[in-house]
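> Let me begin by handing over the structure; questions about it come next.
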């Protein structure tokens, strides 16, 4: 949950690929898993964590299909390549960043068919405008 007035993000993650906060200044911050993968334990609970947000921060929510995209030789796209790509896109318009991520994944994969879903959601926090 993004609480824009409080400048906070509340999150829980069930063993998935981390989401990332890309601050306007500074290094990317991974939002690591807060519990077991869904479906492992019916009684599992997930800790809700909180992270402060600043104007201009980007939030990148991604499925593991992004980092686990394979190319024609079986190489993974991986987190390191993803981070380089996100940081390269960070200063431009968000819609262009999403399109660049999609096209870079497609180029990396080449003729290999996708083996997993690929979902990317980018969001940012901006100061409220005065009416």
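Residue numbers (this note's numbering): -1 to 129. Note that beta-carbon positions come from the ideal geometry of N, C-alpha and C, so glycine has one too.
Measuring only the C-alpha atoms, how far is residue 112 from residue 76?
15 Å
> Could I get the ranges of all uninterrupted beta strand (DSSP E) runs contained in the stretch 54 to 129, with 3 residues as the minimum, in chain order?
Counting only runs of 3 or more, we get 56 to 60, 118 to 122.
> Check this for me: beta carbons of residue 60 and residue 19, under 8 Å apart or not?
no
> With C-beta atoms as the reference, is residue 65 less than 8 Å away from residue 106?
no
> Let me check understanding here. Comparing Cα to Cα, which of 82, 52, 9, 55 lies closest to residue 33?
Looking only at 82, 52, 9, 55, the smallest Cα-Cα distance to residue 33 is reached by 9.
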